[in-house]
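Contents: one structure, followed by commentary.
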Amino acid sequence: DEIYDRLVMDGLEHVSIASLAPDLFCVTFSGLSKSHMIAGFRIGWMILSGNKAIAKDYIEGLKMLSNMRLCSNVPAQSVVQTALGGHQSVNDYIVPGGRIYEQREYVYKAFCDIPGITAVKPKAAFYMFPKIDTKKFNITNDEKFALDLLRDKNF
1 DEIYDRLVMD GLEHVSIASL APDLFCVTFS GLSKSHMIAG FRIGWMILSG
51 NKAIAKDYIE GLKMLSNMRL CSNVPAQSVV QTALGGHQSV NDYIVPGGRI
101 YEQREYVYKA FCDIPGITAV KPKAAFYMFP KIDTKKFNIT NDEKFALDLL
151 RDKNF
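Dropping the structure here:
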């Protein structure tokens with residue numbers, strides 16, 4: 001799943017997993033909803049690469065499934081050419097001053113400013129996973145912690 005391939009920050013570059021072993025059969029998924037900031041449009045694709053001969057039955061199953069269950073999102077398809085070929089406005093979001101970049105910086109600093117909470121600054125996408133020092137906060141049961149947090153903060 002490479003849906004966030006264009007949201008790489010700090011001068012880093014996305015490397016497709018399929019490019020690392022081009023002789024191996026690989027299924028790569030992507031789309032426009034995340035990488036082009038148009039959530040809800042439901043435009044995606046799948047690329048089959050590498051040695052397809054070893055996956056004939058799998059590929060045949062995909063063809064059968066796509067003919068039976070999928071219907072195209074015709075109105076949304078009108079944006080594909082522009083999104084893939086035109087100005088990549090997402091690039092403005094992932095540099096200093098851009099919304100995604102600045103939100104990442106803010107959330108990362110906010111986590112790091114809380115004693116007992118650490119986080120790894122993500123290099124791409126929107127997600128950050130804080131680590132909670134369970135000893136500092138006397139957490140012995142993750143389910144109880146989650147339920148207590150929900151009740152305490154009225155979620």
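The sequence shown begins at 1 in full-length UniProt numbering and counts up by one.
Backbone N, C-alpha and C fix where the C-beta goes; we use that ideal spot for every residue, glycine too.
If you're wondering where the values come from, they're calculated on a predicted model, not measured in any experiment.
Closer than 6 Å by C-beta to Ala18: which residues in its own chain qualify, once you throw out the five before and the five after it? Chain order, please.
Here residue 18 refers to the residue found at position 18 of the sequence shown. Once the five neighbours on either side are set aside, the close Cβ partners of Ala18 are Cys26, Thr28 and Ser49.
Nearest to Glu13 by CA position, among Pro115, Ile94, Ser72 and Thr118, is which residue?
Here residue 13 refers to the residue found at position 13 when the sequence shown is read from its first residue. Here the closest residue by C-alpha is Ile94.
Can the beta-carbon of Pro130 be found less than 8 Å from the beta-carbon of Ala119?
In the sequence shown, counting from the first residue as 1, residue 130 sits at position 130. In the sequence shown, counting from the first residue as 1, residue 119 sits at position 119. Yes; because the gap between Cβ atoms is below 8 Å, this pair is in contact.
Could you give the DSSP three-state label for Leu24: helix, strand or coil?
Here the question's residue 24 lines up with position 24 in the sequence shown. The answer is coil: DSSP assigns Leu24 none of H, G, I, E or B.
Rounded Cβ spacing between Leu62 and Lys34 (contact assumed at less than 8 Å)
Along the sequence shown, read from residue 1 onward, the residue named residue 62 stands at position 62. Along the sequence shown, read from residue 1 onward, the residue named residue 34 stands at position 34. About 22 Å; that fails the 8 Å criterion.
When the Cα atoms are used, what is the spatial distance from Val80 to Glu102?
Position 80 of the sequence shown holds residue 80. Position 102 of the sequence shown holds residue 102. Using only the alpha carbons, I get a separation of about 27 Å.
Limits of the beta strand (DSSP E) - the one that Gly97 falls within
The sequence position of residue 97 within the sequence shown is 97, counting from 1. Where Gly97 is concerned, there is no enclosing beta strand (DSSP E), given that its DSSP letter is neither H nor E.
Could you work out which residue in Pro115, Gly98, Pro96 and Lys121 is closest to Val107 when comparing CA atoms only?
The residue you call residue 107 lines up with position 107 of the sequence shown. Nearest option by C-alpha distance: Lys121.
Excluding the 5 residues preceding and the 5 following Lys52 in the sequence, name in chain order all residues of the same chain whose CB lies nearer than 8 Å to its CB.
In the sequence shown, counting from the first residue as 1, residue 52 sits at position 52. The residues are Phe25 and Ile59.
By how many angstroms is the C-alpha of Ile100 removed from the C-alpha of Met64?
Residue 64 sits at position 64 when you count from the first residue of the sequence shown. Residue 100 sits at position 100 when you count from the first residue of the sequence shown. Each residue's Cα considered, the two are about 39 Å apart.
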